[in-house]
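Engineer: I have a structure I would like to understand better, so I am pasting it below and will then ask my questions one at a time.
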Amino acid sequence: MNILHHSALFFTRSTRTVLLGFVALVLAVLQGCAVSPKANPRDPWEPFNRNVSNFNEGLDQAVIKPVATAYQTVTPQIMRTGVNNFFGNIADVWSLVNNVLQLKPAESVETLFRVGVNTTVGLSGLIDVASDLKLQKHTEDFGQTLGYWGTPTGPYVVLPLFGPSTLRDTLALPVDAQGNLVNSLNDVALRNSLVTLRLVDLRASLLAAGRLLDAAALDKYSFTRDAYLQRRRGLVSAQPEDVIRDEERYDLPLPSNDALPPVPGSQGVLPAGNKTSP
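If you want the numbering used here, it's the 1-based position in the sequence shown plus 1.
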């Protein structure tokens, strides 16, 4: 299929250079951070991470959250669902590549059919026909692929703008960016518009989860860190049939503003059945 061919294309050189430079800068800063003997072994750079988390929180409250709230208010639910389905279909292409890299034939075939059905019958992914046909979603990224093959998770890292991550997932970011079909578009204006739309749509779908987090967590930073690490460990360690599919779809639009999605990391974390561990 042509769509599989396009998934292997590199995105523009300038975007790739910026992202690689960004990752290198973050790693260089972290390397220079002092580590206390009593530091959490999972989070040895906690002072740096907390500062970045505070920066991200301030930026979110000042700019991103208000824009996402306005988007949710003025955009009909059916349109937001279509936007979410469209980007979900694009993400499935990269998930297909990672399922193949993880030697998961059943998941690879099912994801291939998902992409094919949603791209054709589903009008370029605007309608999630595949889910109606009981074709399950198998979300994978390159960080999970590295974990599948035994690459250690590494310390917890909070990235400016990107948010929670680990050393392994941070190093995987440039590869994941290559797998995003949006980044391969030559039309700069269109590419930037789609990236912005995806960011706003994703943030809008997390508004209710954010309210739940604010109400439940005494220490929002620690809660977010532990939930992220637990979820990533579960996604890498669990057998394919053990992963609860709904927990991978935090980007799905909520049926109403009062409905709350599950807290990240609260489900889908079962005893490891894979031969590898993160």
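A virtual CB, placed ideally from N, CA and C, is assigned to each residue, including glycine.
What you are looking at is a predicted structure, and each value in this text was computed from that prediction instead of being measured.
Using DSSP's beta-bridge definition, name the partner residues of residue 159.
Structural biologist: 165
Engineer: Would you call the CB atoms of residue 282 and residue 56 closer than 8 Å?
Structural biologist: The requested residue 282 does not occur in the structure, where the chain is confined to residues 2 to 279.
Engineer: For residue 41, which of helix, strand or coil comes out of DSSP?
Structural biologist: strand
Engineer: Excluding the five sequence neighbours on either side, which residues of its own chain have a C-beta within less than 7 Å of the C-beta of residue 164, listed in chain order?
Structural biologist: So the qualifying residues of the chain are 57.
Engineer: Given this structure, state the Cα-to-Cα distance separating residue 219 from residue 122, to the nearest angstrom.
Structural biologist: 47 Å
Engineer: On the premise that residue 202 lies in contact with residue 84, defined as a C-beta separation below 8 Å, what is that separation, rounded to the nearest angstrom?
Structural biologist: The distance from the Cβ of residue 84 to that of residue 202 is about 5 Å, consistent with a contact at the 8 Å cut-off.
Engineer: Check each candidate in 116, 74, 105, 106 and name the one with the smallest Cα separation from residue 86.
Structural biologist: 116
Engineer: Kindly give me the distance between the Cβ atoms of residue 230 and residue 157, rounded to whole angstroms, as I take these residues to be in contact under 8 Å.
Structural biologist: 6 Å
Engineer: Given a cut-off of 8 Å on the beta-carbon distance, is the pair residue 142 and residue 173 in contact?
Structural biologist: yes
Engineer: Can you tell me the Cα-Cα spacing of residue 155 and residue 146, whole angstroms?
Structural biologist: 15 Å
Engineer: Count the CB pairs spanning the segment 131-139 and the segment 166-183 that are closer than 8 Å, and state whether there are at least three.
Structural biologist: no
Engineer: Pick helix, strand or coil for residue 136, following the three-state DSSP scheme.
Structural biologist: coil
Engineer: Tell me the rounded alpha-carbon separation between residue 195 and residue 183.
Structural biologist: 7 Å
Engineer: Looking at the secondary structure, which residues open and close the alpha helix (DSSP H) in which residue 227 lies?
Structural biologist: 221-238
Engineer: Quick check on the DSSP output: the alpha helix (DSSP H) that includes residue 144 runs from which residue to which?
Structural biologist: 143-149
Engineer: Is the Cβ-Cβ distance between residue 160 and residue 237 less than 8 Å?
Structural biologist: Cβ distance not < 8 Å, so residue 160 and residue 237 don't count as in contact.
Engineer: For the alpha helix (DSSP H) containing residue 153, name the first residue and the last one.
Structural biologist: Taken as a continuous stretch (DSSP letters only), residue 153 belongs to no alpha helix (DSSP H), as it is neither H nor E.
Engineer: Should residue 138 be labelled buried (16 or more other beta-carbon atoms within 10 Å of its own) or exposed?
Structural biologist: buried
Engineer: Ignoring anything shorter than 4 residues, give me the alpha helix (DSSP H) runs that lie fully in the segment 85-115, in order along the chain.
Structural biologist: If only complete runs of 4 or more residues are kept, the segment 85-115 shows no alpha helix (DSSP H) anywhere.
Engineer: Exposed or buried, which one is residue 212 when buried takes at least 16 other CB atoms within 10 Å?
Structural biologist: exposed
Engineer: Going along the chain, which residues of its own chain have a beta-carbon closer than 7 Å to the beta-carbon of residue 102, five neighbours each way excluded?
Structural biologist: Within the same chain, residue 102 has close Cβ partners 146.
Engineer: Residue 208 and residue 69: beta carbons closer than 8 Å?
Structural biologist: Yes.
Engineer: Note the first and the last residue of the continuous alpha helix (DSSP H) segment covering residue 202.
Structural biologist: 189-206
Engineer: Would you kindly report the start and end of the unbroken alpha helix (DSSP H) that includes residue 60?
Structural biologist: Looking at the DSSP string, the run of the alpha helix (DSSP H) that includes residue 60 is 47-60.
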